[in-house]
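Data first, discussion second: the structure below is written as structure tokens.
2 protein chains.
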Amino acid sequence: MADDVLFEFLHMEMVSHIYKDQASKGEMDKDRATCVSTLEGMGFRVGQGLIERFTKDSPSFKDDLDVMKFICKDFWINVFRKQIDNLRTNHQGTYVLQDNKFALLTQFSNGKQYLEEAPKYLAYSCGLVRGALSNLGMDCVVTAEVSLMPSCKFQVVIQKI
Amino acid sequence: MADDVLFEFLHMEMVSHIYKDQASKGEMDKDRATCVSTLEGMGFRVGQGLIERFTKDSPSFKDDLDVMKFICKDFWINVFRKQIDNLRTNHQGTYVLQDNKFALLTQFSNGKQYLEEAPKYLAYSCGLVRGALSNLGMDCVVTAEVSLMPSCKFQVVIQKI
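Protein sequences, first through last, are from chains A and B.
Once you know that position 155 of the first sequence is 154 in numbering that gives the first Met the number 0, the rest is easy, because the numbers rise by one and skip nothing.
Once you know that position 62 of the second sequence is 61 in numbering that gives the first Met the number 0, the rest is easy, because the numbers rise by one and skip nothing.
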């Protein structure tokens, strides 16, 4: 419990710092993209580190779906305190992970007034997932979408080489 | 365990982001001070938030020493997974908290080669303590000192009004 808060508070501070820092430099539109990519990059490196710890004692994975199941269950529980509620795939390299109560969005009220702000608070987590998958040999693009707080969908698209 | 890592990794990324960001702006000396103060400020706000949660069910404190004991025990365990090893005071508003194995320094090797880097990794924690104390009505200056990794001394000086 204390730990959740420790991470959540630090995450909020970091988002707000990065956005404030960019705002002070002017150029609003370019800024938004830069902030998202800065946060995503931080998440990516942390995700790489985390997955190394989490998979230390795990057997190897038999396929991509097996990896995704690990992300939805073990990884998500370790990081966000709950499992992903729903995993869907088109069996062609696209996965949709739905979390009905995403930890980093629970501080916001359920209404629509904060929907526009949501992407700021998802960039770091998209990076976490991309970093974790990258270390498991899966090169992906990860995006997130919120239609009703605090539920959230992460889309993972595996990049064919 | 997973949570420790989550917080520690995010903290490392944040320190490195803030230093890199400043370095790109030039002016090295002014920069160091700015980075320390940015990190300290983030810690301060998080410390304020954390202490509110941690003291929700606590009885009120009878004096400053009582508050400091709470910081050394409950607060430190919640945040850094262990108690402060030694608390000293001159009974005139100065307290020295010694942690023989400070969580955010354990990733570094014990030698002297990283001593110079240590202050970067302590600024956020100094802010945490200052924020927590501030919310408990104690206006303080908090500094940290490392003479041998990973042990660390935090000095708290209460400001008389």
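Even for Gly, the Cβ is constructed at its ideal location relative to N, Cα and C.
- A straight-line Cα-Cα distance of about 19 Å links tyrosine 123(A) and arginine 52(A).
- According to DSSP, residue pairing for alanine 22(B) in a beta bridge does not occur.
- Taking 7 Å as the upper bound on Cβ-Cβ separation, chain B lies near residues Asn77, Val78 of the stretch 76-108 of chain A.
- Less than 9 Å divides the Cβ of serine 57(A) from the Cβ of phenylalanine 69(A).
- Contact of leucine 135(B) with chain A by beta-carbon distance below 8 Å is absent, the smallest such distance being about 17 Å.
- Tyrosine 113(A) carries a coil assignment under DSSP once its states are collapsed to helix, strand and coil.
- Contact between aspartate 84(A) and cysteine 151(A) fails: their C-beta atoms lie close to 10 Å from each other, not under 8 Å.
- According to the DSSP assignment, arginine 129(A) belongs to the alpha helix (DSSP H) that extends over 122-134.
- Listed in chain order, the beta strand (DSSP E) runs fully inside the stretch 49-83 of chain A amount to none, counting runs of at least 3 residues.
- Taking the CA atoms as reference points, methionine 137(B) sits about 45 Å from valine 141(A).
- Among the residues facing chain A, glutamate 39(B) is not included, as its CB has no counterpart in that chain under 9 Å away.
- Non-local C-beta neighbours of valine 156(A) in its own chain, meaning closer than 7 Å and more than five positions away in sequence, comprise Gly92, Thr93, Cys139, Val140, ordered along the chain.
- Bridge pairing for asparagine 85(A): Gln97(A) [DSSP].
- Contact between aspartate 20(A) and aspartate 20(B) holds, with the beta-carbon distance rounding to 7 Å and staying under 8 Å.
- If you look at alanine 102(B), you'll find it isn't in any beta strand (DSSP E); DSSP assigns it neither H nor E.
- Contact between valine 78(A) and leucine 5(B) is confirmed by a C-beta separation of about 6 Å, below the 8 Å threshold.
- What methionine 67(B) touches in chain A, judged by beta-carbon distance under 7 Å, is nothing: the nearest beta carbon there is about 19 Å away.
- Less than 9 Å divides the Cβ of glutamate 39(B) from the Cβ of cysteine 125(B).
- Only buried fits arginine 129(A), as 16 or more other CB atoms lie within 10 angstroms of its CB.
- Non-local beta-carbon contacts of asparagine 109(B) in its own chain, meaning distances under 6 Å to residues more than five positions away in sequence, involve Met148 in chain order.
- Apart from the 5 residues on each side of it in sequence, aspartate 73(B) sits with its Cβ closer than 7 Å to the Cβ of Phe53 in its chain, given in chain order.
- Apart from sequence neighbours up to five positions away, the residues of its chain that approach threonine 105(A) with a beta-carbon distance below 7 Å are Pro149, ordered along the chain.
- Checking the DSSP bridge columns, you'll see phenylalanine 153(A) partnered with Leu96(A), Ala143(A).
- Rounded to the nearest angstrom, the gap between the Cα atoms of glutamate 144(A) and histidine 16(A) is 23 Å.
- Within its own chain, the residues whose Cβ lies closer than 8 Å to the Cβ of leucine 127(A), once the five positions on either side in sequence are excluded, are Gly42, Phe43, Val45, Gly46, Leu49, Val78, listed in chain order.
- A Cβ-Cβ contact shorter than 9 Å links arginine 80(A) with aspartate 3(A).
- A direct Cα-Cα distance of roughly 20 Å separates leucine 103(A) from leucine 132(A).
- Between valine 14(A) and lysine 100(A), the gap from beta carbon to beta carbon reaches 9 Å or more.
- The C-beta of alanine 22(A) has fewer than 16 other C-beta atoms within 10 Å across all chains shown, which makes the residue exposed.
- Identification of residues in the stretch 115-147 of chain B having a C-beta nearer than 7 Å to some C-beta of chain A yields an empty set.
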